Amino acid sequence: DELDICFEFDLAGAILSSAKGGYASTVAGTMEEVDALYPPKQYATFLTNHDHERTMTQLHEDEAQAQVAATIYLTLPGVPFIYYGEEIGMTGAKPDERIRTPMQWTGESGAGFTTGMPWYTINGDYSQRNVAAQLEDEHSLLNLYRALIRLRSTYSALRTGSLTTAKSEDFYVYAYLRHDDEGTFLVLHN
159 DELDICFEFD
169 LAGAILSSAK
179 GGYASTVAGT
189 MEEVDALYPP
199 KQYATFLTNH
209 DHERTMTQLH
219 EDEAQAQVAA
229 TIYLTLPGVP
239 FIYYGEEIGM
249 TGAKPDERIR
259 TPMQWTGESG
269 AGFTTGMPWY
279 TINGDYSQRN
289 VAAQLEDEHS
299 LLNLYRALIR
309 LRSTYSALRT
319 GSLTTAKSED
329 FYVYAYLRHD
339 DEGTFLVLHN
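Numbering of the sequence shown is given in the working numbering, commencing with residue 159 and proceeding in unit increments.
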């Protein structure tokens with residue numbers, strides 16, 4: 159009763175592992191444990207933070223896997239936190255300085271972050287992975303994040319609704335219902 163919310167590290171790892179390997183059981187099993195551990199919705203979901211290799215690095219820059227990971231964690235219960243740059247697929251691995259590089263706003267010099275000298279060197283992929291370029295691409299990772307956040311904001315079932323696991327005979331499919339008095343969503347990840 160003294161902790162309002164905490165980051166669920168095991169769930170973050172399970173989401174990335176399932177997105178990378180394609181097996182639903184990893185995230186499904188961890189989600190069942192998380193659901194039993196906390197009061198309803200009293201945990202934070204995330205994929206990575208300032209101490210982890212970035213999602214796109216862990217997934218070997220596989221855009222489809224990054225989209226699956228984002229979709230899983232933004233449709234599960236909990237309070238989602240997005241580490242800046244995850245929504246555009248920024249890369250970075252240890253040491254920490256390579257995980258905390260400046261946000262890549264544009265493909266221009268300084269990545270739209272600064273016209274001066276940033277405290278950390280900007281990632282070399284800023285000309286391809288940046289907000290301005292992804293805003294123009296309706297199928298970009300950024301626009302997927304925006305669509306998922308819009309859905310979550312619009313429908314209370316995805317924001318604060320209950321979770322009921324649905325069984326699938328296919329071990330590559332993670333299925334569940336998100337539901338409340340206002341509506342029900344059947345969510346399928348493959």
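The beta-carbon is built from N, C-alpha and C at its ideal position, and this holds for glycine as well.
If you're wondering where the values come from, they're calculated on a predicted model, not measured in any experiment.
- Nearest Cα to Y334 within the set N288, M275, Q262, V185: V185.
- In the three-state scheme derived from DSSP, where H, G and I count as helix and E and B as strand, S298 is classed as coil.
- With 16 or more other Cβ atoms inside 10 Å of its own Cβ, M189 counts as buried.
- With distances taken between CA atoms, H210 lies nearest to Y241 out of L309, F329, Y241, A324.
- Rounded to whole angstroms, the gap between the alpha carbons of T213 and A324 is 27 Å.
- Here the alpha carbon of E294 sits roughly 21 Å from the alpha carbon of Q223.
- Within the model, the alpha-carbon separation for L195 versus P235 is close to 13 Å.
- If you ignore the 5 residues before and after M261, its C-beta comes within less than 7 Å of the C-beta of Y242, G243, F271, all in its own chain and listed in chain order.
- In this structure, the straight-line span from the alpha carbon of A177 to that of V192 is close to 18 Å.
- Annotation for A269: P260, Q262, W263, I280, Y284, N288 place their beta carbon closer than 7 Å to its own, counting only its chain and skipping 5 residues before and after.
- H347 counts as buried, since at least 16 other C-beta atoms from the protein chains shown sit within 10 angstroms of its C-beta.
- Its chain contains L232, L316, R317 as the residues whose beta carbon lies nearer than 7 Å to that of R310, once the 5 sequence neighbours on both sides are disregarded; these appear in chain order.
- Relative to the Cα of R256, the nearest Cα in the group L169, N207, S320, E327 belongs to N207.
- Distance from the CA of T322 to the CA of L306, rounded to the nearest whole angstrom, comes to 19 Å.
- Per the coordinates, the alpha-carbon of P197 lies some 14 Å from the alpha-carbon of F165.
- Taken in chain order, the complete alpha helix (DSSP H) segments of 4 or more residues contained in the stretch 267-313 are 289-294, 299-312.
- I163 has its alpha-carbon roughly 34 Å from the corresponding atom of E296.
- Between S183 and F329, the CB-CB gap stays under 8 Å.
- Judged by DSSP in its simplified three-state form, D193 adopts helix.
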